[in-house]
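In what follows, a structure is listed as structure tokens, so that the remarks can point back to it.
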Amino acid sequence: NKLYNFNWKTAVLTNLFGPYDKVGEIAHATGAIMEKFVNNNGIIEIWGSGKQERDFLYVKDAITAFDLIMDSNYDAVNVASGATTSISELVDMLIKISGFKGKINYNTSMPEGISKRGMSIKRLQSLGWKPKYSLEDALAETYQWYYDNT
6 NKLYNFNWKT
16 AVLTNLFGPY
26 DKVGEIAHAT
36 GAIMEKFVNN
46 NGIIEIWGSG
56 KQERDFLYVK
66 DAITAFDLIM
76 DSNYDAVNVA
86 SGATTSISEL
96 VDMLIKISGF
106 KGKINYNTSM
116 PEGISKRGMS
126 IKRLQSLGWK
136 PKYSLEDALA
146 ETYQWYYDNT
């Protein structure tokens, strides 16, 4: 910043999700799992035990965070919800949202990554930010978009 007299900001992002996101096996956890709920044959395979925890944030909440960060004195700020959710909890929410009646298979022979990945959002909170959308509401909006557009 000082060397080139340029005011830059860095947003360190968590697992963002929302409409227009990548889906399928090459996507991150939310997109990969969401695609399985939209296009299933009665059986959904989830990689790992489901116990692994991640911090998920709806893209609409991230946008409000970006606005605050741009006007702040911080060079770098974590952008996350500040809470972790297990993959099995995420799956349970999607079962409720989608009305899925089939079978969920947790494939423990597949990789699941580290057991818990979360981020401190103290800086972001000091700017007055908090998520507007609950995880379940954000998943419901995103699921409906995937369902209508894929």
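Per the numbering used here: the sequence shown ends with 155, consecutive numbering throughout.
Even glycine gets a Cβ: it sits at the ideal position worked out from N, Cα and C.
Keep in mind it's a predicted model, so treat the numbers as computed, not measured.
D60 places its beta carbon less than 8 Å from that of A85. Taking T69 as reference, the option from W134, E146, M98 and N154 with the minimal CA-CA separation is W134.
Put simply, of I48, A67 and M39 the residue whose alpha carbon is nearest the alpha carbon of T19 is A67.
Secondary structure note for L21: its beta strand (DSSP E) is the uninterrupted segment N20 to F22. Residue F42 holds the alpha-carbon nearest to the alpha-carbon of Q149 among N46, Q57 and F42. Ranked by Cα distance from D153, the first of P24, A16 and D80 is P24. As summarised for the segment 60–86, the continuous beta strand (DSSP E) elements at least 3 residues long and confined to that stretch are 61–63 and 81–84, given in chain order. Taken atom to atom, the span from the alpha-carbon of Y151 to that of M39 is near 8 Å.
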